[in-house]
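Heads up: the sequence shown runs through residues 432 to 546, numbered per this note's numbering. First the structure, in the form of structure tokens, and then the observations on it.
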Amino acid sequence: GGDGAAIDAQGLSGVLAAARVSLFVRGLRIANGNQGCVRLYRTLARFEDVSVEDCSSPHSGGGFFIEHSDVAFERVHIRHCVAALDGGGVFLTGRDSLDTSPFGSSLVALHSSIA
């Protein structure tokens with residue numbers, strides 16, 4: 432995943448934040464966010480062919496912080512993401528839905544850990 436465009440925060444900030452919207456992300460590499468890479472709040476989102484790499488959070492959700500959102504992942508790769516508290520790769524809070532297999536797809540979380 433993520434062989435197309437890239438967003439690299441170079442360790443200076445988070446990368447993508449969305450609140451109360453519908454969001455579709457395809458073919459994107461998201462990297463080096465130091466406030467977590469992707470933060471979703473009350474959002475309907477779908478991620479396809481996406482790579483989230485080398486992201487960290489001083490709190491929860493190094494790769495993805497998902498709050499009160501419905502999210503679908505297809506061919507999403509999460510690598511080398513850490514969080515000081517919970518959810519190095521993915522942190523879900525509130526009433527969320529994370530669908531990793533709408534079409535036989537899978538969520539791949541590699542080398543994610545809690546610091």
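Where is the CB? At the ideal position from N, CA and C, for every residue including glycine. Quantities reported herein were computed from a predicted structural model and do not represent experimental measurements.
Cα-Cα separation, H542 to H511: A caution first: H542 carries a pLDDT of 34, below 50, which makes its placement in the model too unreliable to give a value.
Top-ranked residue by Cα proximity to L454, from A462, V469, G442 and Q441: V469
Reduced DSSP category for A515 - H, G, I as helix; E, B as strand; rest coil: coil
T474, DSSP secondary structure in three states: coil
Buried versus exposed call for L471 [16 or more other C-beta atoms within 10 Å across all chains shown]: buried
Own chain partners of R440 with C-beta closer than 8 angstroms, once the 5 adjacent residues on each side are dropped: In the sequence as displayed, the identity of residue 440 is Ala instead of Arg. Within the same chain, A440 has close Cβ partners V446, A462, N463, G464, N465 and C468.
Sub-8 angstroms separation of S500 and F522 beta-carbons: no
Inter-residue spacing [alpha-carbon to alpha-carbon] between V513 and L475: Roughly 24 angstroms between the two C-alpha positions.
8 angstroms contact criterion, which G525 and E484 should meet: CB distance rounded: Contact doesn't hold; Cβ gap of about 26 angstroms is too wide.
For R460, three-class secondary structure by DSSP: strand
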